[in-house]
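Undergrad: Last residue of the sequence shown? That's 75 in numbering that gives the first Met the number 0, and every number before it is there in order.
Just so it is clear, CB atoms sit at the ideal spot from N, CA and C, and this is done for glycine as well.
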Amino acid sequence: MINFNLPDSQKTSHECNSHKEGDWMIFICPHCDYVRQINYKTGKMKTSGGDDNIIHHGVQAPRFEKDPLLFTTSVN
Ligand SMILES: [Zn+2]
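#1: Output the boundary residues of the beta strand (DSSP E) element that contains C15.
#2: Quick check: does the Cβ of I27 come within less than 7 Å of any heavy atom belonging to ligand 1?
#3: With distances taken Cα to Cα, identify the nearest neighbour of K19 among K45, G42, H30, I37.
#4: Quick one: grab the DSSP three-state call for V34.
#5: For the candidate residues V34, I53, T46, whose alpha-carbon lies nearest to that of K10?
#6: Sort K40, M44, D50, P29 by Cα distance to G21 and report the nearest one.
#7: Does the CB of D32 have a neighbour CB from chain C at under 8 Å?
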């Protein structure tokens, strides 16, 4: 049996990799062409690629990142 109307909780979820470029945090999905860019100084956000049926999430605290600003922005 194939169900074409899966509830939202059944949506595919992709975890994105993140890194920093200047004032921007860049989230790149390793599974598709989704890219999200967030300027952590202005709050401006740009997204491209991806699919409405896929939920994307990412963590804004790369383990390898040494910039303390990033850790203060992820508090709370
Ligand atoms: Zn994806």
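TA: Taking the structure as given:
#1: Sequence index remark: in the sequence shown, residue 15 carries index 16 (1-based). Residues 11-20.
#2: As a working mapping, residue 27 is identified with position 28 in the sequence shown. Because no heavy atom of ligand 1 lies under 7 Å away, the Cβ of I27 does not count as near it: no.
#3: As a working note, residue 19 is residue 20 in the sequence shown. The residue among K45, G42, H30, I37 with its C-alpha nearest the C-alpha of K19 is I37.
#4: Numbered from 1 along the sequence shown, position 35 holds the residue referred to as residue 34. Strand, per DSSP.
#5: On the sequence shown, position 11 is the one that residue 10 refers to. Comparing Cα-Cα distances from K10 to each of V34, I53, T46, the minimum goes to I53.
#6: Taking the first residue of the sequence shown as position 1, residue 21 is located at position 22. Looking at the Cα atoms, K40 is the closest of the given residues.
#7: Checking the listed chains, one finds no chain C in this structure; it contains a single protein chain.
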